[in-house]
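Data block below; observations after.
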Amino acid sequence: MGHTLNTFNSIYKEFYPMVLQLCTGFAKGDKSLANDLCQEVFINAWNALEKFRSQSSYKTWLYRITVNTCLKHFRNQKARPMAYIEETPNWDKPDEAEQASAAAETAHHKLYQHIGLLGKVDRLLIMLILDGVQYPQIAEIMGISEANVRVRVHRVKQKLKNLFNND
Amino acid sequence: MTDELNNLKDIWQQGKNDPTAHIPTPHDIVQKAKTKQRKSRNAHFTTIAILLVTLLAIGYYYLFVMRYQLLVSHIGFGLMGTMLLVRIVLEAYSLKCYAKIDIAHNAKENLEQTIRFVRLRQQIHGTVSITILVAYIIGFVLLGKEMYLTLPSIFFYGFYAMFVVLAIVLTLIIRKGVQKELQHLRQLVTLLEELQ
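Heads up: the protein sequence lines correspond to chains A and B, in order. If you're matching positions, the first sequence starts at 1 in my numbering and goes up one per residue. If you're matching positions, the second sequence starts at 1 in my numbering and goes up one per residue.
Given below as structure tokens:
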């Protein structure tokens with residue numbers, strides 16, 4: 001049990017930002033939902049840890065748990081407003097750092113918004129690509145062929161390109 | 001597209017460094033996981049325990065309190081008791097099947113496992129529950145003759161009225177359960193089709 005706890009602690013610390021980011025993308029930028037999903041992922045990870053057989057890395061294992069947790073998340077979604085940043089009035093002229101930060105937030109918001117327009121599976125695929133996961137690994141995580149992954153990712157990239165161009 | 005994709009990757013990676021993110025401690029997560037597991041296990045065992053206690057209570061009442069003699073009453077009671085036992089076995093089997101779903105499998109296999117489980121639940125909520133309900137009704141009707149002879153009229157008609165109301169309520173609950181499972185199943189099948 002002690003070994004399991006230590007292992008979980010180190011997995012948690014190492015991969016929390018990665019999982020939260022995937023959940024945030026899946027939740028279309030909704031931070032509250034993302035936190036709930038992220039929590040659910042790690043609860044599932046804790047429950048599954050004893051069965052882990054080192055057939056893959058912890059990272060790949062956690063990707064699979066994240067994908068499965070997100071895919072099976074069904075909710076009666078009333079129109080949830082996209083997470084947005086409320087700008088408090090600042091009468092001082094914004095300095096460069098503040099302008100850069102605001103620009104970055106807008107960029108994230110736009111990315112989540114566009115990813116959010118994709119179907120669940122395509123959303124997860126493109127997020128794995130953005131996270132730097134290689135095609136063979138994505139195929140293993142999703143349980144589909146690498147060729148299938150390449151075709152789908154190509155289509156998703158085209159869709160995203162059109163969405164960004166139409167902005 | 002490569003430059004655009006690299007740009008998106010940069011935006012994505014920057015998103016991981018959110019200074020406003022509140023990170024719960026691993027201890028919190030472990031506690032929540034244990035609580036959730038305990039609640040789920042207790043809910044299942046409570047259901048099975050209630051069904052078992054009901055079976056024992058009905059058995060005791062029938063064999064030692066009322067002591068019905070007619071064959072038709074024995075058949076009626078046997079039918080109701082057997083159906084209750086079937087329900088208990090199905091609940092335990094369902095729990096075993098659920099435990100086999102591996103969240104760490106690849107997405108396609110995990111979805112297929114989940115779909116198999118939901119189909120099982122759909123059968124349990126649908127065909128099996130309706131069969132059990134019909135068997136209960138038949139069993140109760142078979143007990144009716146000796147109940148009429150042994151119970152005061154007011155209790156006899158009271159029992160039957162209560163049973164009719166219970167049968168209607170159970171039918172509605174079963175119908176709602178089946179619709180819910182069907183909706184869940186459709187969502188999962190759509191996802192699997194999207195994946196393949």
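Note that the Cβ used here is the ideal one computed from N, Cα and C, for glycine as well.
Original post:
Leaving out the 5 sequence neighbours to the left and right, which residues in its chain are closer than 7 Å to residue 164(A) when beta-carbon positions are compared?
Top reply: To locate residue 164(A), count along the first sequence from 1; it is residue 164. Leaving aside the five residues that flank residue 164(A) on each side, the residues in its chain whose CB is nearer than 7 Å to its CB run, in chain order, 114.
Subject >> Cβ-based neighbour list, residue 20(A), same chain, cut-off 6 Å, excluding 5 preceding and 5 following >> reply: On the first sequence, position 20 is the one that residue 20(A) refers to. The answer, listed in chain order, is 38.
Original post:
Quick one: what's got a C-beta closer than 6 Å to residue 142(B)'s C-beta in the same chain, skipping five residues either side?
Top reply: On the second sequence, position 142 is the one that residue 142(B) refers to. Same-chain partners within the cutoff: 72, 75, 76.
Subject >> Contact with chain A by residue 125(B), beta-carbon distance below 8 Å >> reply: The residue you call residue 125(B) lines up with position 125 of the second sequence. No - not a single Cβ of chain A is within 8 Å of the one on residue 125(B).
Original post:
Can you list the residues of chain B that residue 120(A) reaches, using a CB-CB cut of under 8 Å?
Top reply: Translated into positions along the first sequence, residue 120(A) becomes position 120. Within 8 Å Cβ-Cβ: 191, 194.
Subject >> Limits of the alpha helix (DSSP H) - the one that residue 3(B) falls within >> reply: By one-based count along the second sequence, residue 3(B) stands at place 3. Segment 2–14, the alpha helix (DSSP H) holding residue 3(B).
Subject >> Reduced DSSP secondary structure (H/G/I, E/B, other) of residue 58(A) >> reply: What you label residue 58(A) is simply residue 58 of the first sequence in a count that begins at 1. In this structure, residue 58(A) counts as helix in the three-state DSSP scheme.
**OP:** Pull up the distance between the alpha-carbon of residue 9(A) and that of residue 60(A), whole angstroms please.
**Re:** Walking along the first sequence from the start, residue 9(A) turns up at place 9. Walking along the first sequence from the start, residue 60(A) turns up at place 60. Going by the C-alpha atoms only, they are around 17 Å apart.
Original post:
If you follow the alpha helix (DSSP H) that residue 152(B) is part of, which residue opens it and which one closes it?
Top reply: Within the second sequence, residue 152(B) is the residue found at index 152, counting from 1. For residue 152(B), there is no enclosing alpha helix (DSSP H), since its DSSP letter is neither H nor E.
**OP:** Compare the beta carbon distance of residue 58(A) and residue 29(B) with 8 Å and say whether it is the shorter of the two.
**Re:** For the purposes of this step, residue 58(A) is taken as the residue at position 58 of the first sequence. For the purposes of this step, residue 29(B) is taken as the residue at position 29 of the second sequence. Taking 8 Å as the Cβ cut-off, residue 58(A) and residue 29(B) do not qualify as a contacting pair.
**OP:** Please report the residue range of the alpha helix (DSSP H) in which residue 82(B) lies.
**Re:** Numbered from 1 along the second sequence, position 82 holds the residue referred to as residue 82(B). The continuous alpha helix (DSSP H) containing residue 82(B) extends over residues 71–100.
Original post:
Going by other Cβ atoms of all chains shown within 10 Å of its Cβ, with 16 needed for buried, is residue 50(B) buried or exposed?
Top reply: The residue given as residue 50(B) occupies position 50 in the second sequence. Classification for residue 50(B): exposed.
**OP:** Within 10 angstroms of the Cβ of residue 111(B), are there 16 or more other Cβ atoms? Answer buried if so, exposed if not.
**Re:** On the second sequence, residue 111(B) is found 111 positions in, with the first residue counted as 1. Burial check for residue 111(B): the Cβ neighbour count within 10 Å reaches 16 or more, so the residue is buried.
Subject >> Three CB pairs or more closer than 8 Å across the region 101–111 of chain B and the region 137–153 of chain A >> reply: By the Cβ test, the region 101–111 of chain B is in contact with the region 137–153 of chain A, since at least three Cβ pairs between them sit closer than 8 Å.
Original post:
Can you list, in chain order, the residues of the region 102–118 of chain B whose Cβ is nearer than 8 Å to any Cβ on chain A?
Top reply: Residues passing the 8 Å Cβ filter: 102, 103, 104, 105, 106, 107, 108, 109, 110, 111, 114.
Original post:
Residues of chain A with CB under 8 Å from residue 181(B), in chain order?
Top reply: In the second sequence, the residue the question calls residue 181(B) occupies position 181. Result: empty, since nearest Cβ-Cβ is about 13 Å, beyond 8 Å.
Original post:
Are residue 42(A) and residue 70(A) close, meaning C-beta to C-beta below 8 Å?
Top reply: In the first sequence, the residue the question calls residue 42(A) occupies position 42. In the first sequence, the residue the question calls residue 70(A) occupies position 70. No, the pair does not count as a contact, with Cβ atoms beyond the cut-off.
**OP:** Work out the CA separation of residue 44(A) and residue 158(A) for me, nearest whole Å.
**Re:** Counting from one through the first sequence, the residue named residue 158(A) turns up at place 158. Counting from one through the first sequence, the residue named residue 44(A) turns up at place 44. Cα to Cα, the separation comes out at about 34 Å.
**OP:** Closer than 7 Å by beta-carbon distance: list the chain B residues that pair up with residue 155(A), in chain order.
**Re:** By 1-based counting over the first sequence, the position of residue 155(A) is 155. The contacting residues do not exist; residue 155(A) stays about 12 Å from chain B at best.
Original post:
In three-state DSSP terms, what is residue 140(B)?
Top reply: Translated into positions along the second sequence, residue 140(B) becomes position 140. Correct three-state label for residue 140(B): helix.
**OP:** Please classify residue 144(A): does DSSP put it in a helix, a strand, or coil?
**Re:** Here the question's residue 144(A) lines up with position 144 in the first sequence. It is coil, neither helix nor strand.
Subject >> Limits of the alpha helix (DSSP H) - the one that residue 27(B) falls within >> reply: For the purposes of this step, residue 27(B) is identified with residue 27 of the second sequence, where counting begins at 1. Where residue 27(B) is concerned, the enclosing alpha helix (DSSP H) stretches over 26–60.
Original post:
Within the 8 Å Cβ cut-off, does residue 30(B) reach chain A?
Top reply: Along the second sequence, read from residue 1 onward, the residue named residue 30(B) stands at position 30. At a cut-off of 8 Å between C-beta atoms, residue 30(B) counts as an interface residue with respect to chain A.
**OP:** Compile a chain-ordered list of the residues in the region 51–70 of chain A whose CB is closer than 8 Å to at least one CB of chain B.
**Re:** For the region 51–70 of chain A, residues whose beta-carbon sits nearer than 8 Å to a beta-carbon of chain B comprise 51, 52, 61, 64, 65, 67, 68, 69.
**OP:** Anything in chain B within Cβ reach of residue 111(A), meaning under 8 Å, just list it in chain order.
**Re:** In the first sequence, residue 111(A) corresponds to position 111, counting from 1. The contact set of residue 111(A) on chain B, defined by CB atoms closer than 8 Å, consists of 8, 11, 12, 15 in chain order.
Original post:
Can you give the Cα-Cα distance for residue 6(B) and residue 31(B), rounded to whole angstroms?
Top reply: The count along the second sequence starts at 1 and reaches residue 6(B) at position 6. The count along the second sequence starts at 1 and reaches residue 31(B) at position 31. Approximately 39 Å between the Cα atoms of the pair.
Subject >> Endpoints, alpha helix (DSSP H) assigned at residue 114(B) >> reply: As a working note, residue 114(B) is residue 114 in the second sequence. Looking at the DSSP string, the run of the alpha helix (DSSP H) that includes residue 114(B) is 107–123.
Original post:
Counting only beta-carbon atoms, is residue 122(B) nearer than 8 Å to chain A?
Top reply: In the second sequence, residue 122(B) corresponds to position 122, counting from 1. No - not a single Cβ of chain A is within 8 Å of the one on residue 122(B).
Original post:
Considering only C-alpha positions, which residue in the set 52(B), 101(B), 85(B) is nearest to residue 117(B)?
Top reply: Residue mapping note: residue 117(B) aligns to position 117 of the second sequence, counting from 1. That would be 101(B), whose Cα lies nearest to the Cα of residue 117(B).
**OP:** Would you check if the region 174–182 of chain B and the region 83–97 of chain B touch, i.e. whether three or more CB-CB distances between them fall below 8 Å?
**Re:** Output reads no: the region 174–182 of chain B does not touch the region 83–97 of chain B.
Original post:
Do you know how far the Cα of residue 17(B) is from the Cα of residue 49(A)?
Top reply: Within the first sequence, residue 49(A) is the residue found at index 49, counting from 1. Within the second sequence, residue 17(B) is the residue found at index 17, counting from 1. Approximately 27 Å, taken between the alpha carbons.
Original post:
So which residues of chain B does residue 143(A) contact, with C-beta pairs closer than 7 Å?
Top reply: To locate residue 143(A), count along the first sequence from 1; it is residue 143. Result: 106, 107, 108, 109.
**OP:** Tell me whether residue 166(A) sits in a helix, a strand or coil according to DSSP, three-state version.
**Re:** Locating residue 166(A) in the first sequence gives position 166, counting from the first residue. Assigned with DSSP and collapsed to three states, residue 166(A) falls in coil, not helix or strand.
Subject >> Distance, residue 32(A) Cα to residue 149(A) Cα >> reply: For the purposes of this step, residue 149(A) is identified with residue 149 of the first sequence, where counting begins at 1. For the purposes of this step, residue 32(A) is identified with residue 32 of the first sequence, where counting begins at 1. In this structure, the straight-line span from the alpha carbon of residue 149(A) to that of residue 32(A) is close to 30 Å.
**OP:** Starting from residue 17(A), find everything on chain B with Cβ-Cβ shorter than 7 Å and list it in chain order.
**Re:** For the purposes of this step, residue 17(A) is identified with residue 17 of the first sequence, where counting begins at 1. Within 7 Å of the CB of residue 17(A), the CB atoms of chain B belong to 16, in sequence order along the chain.
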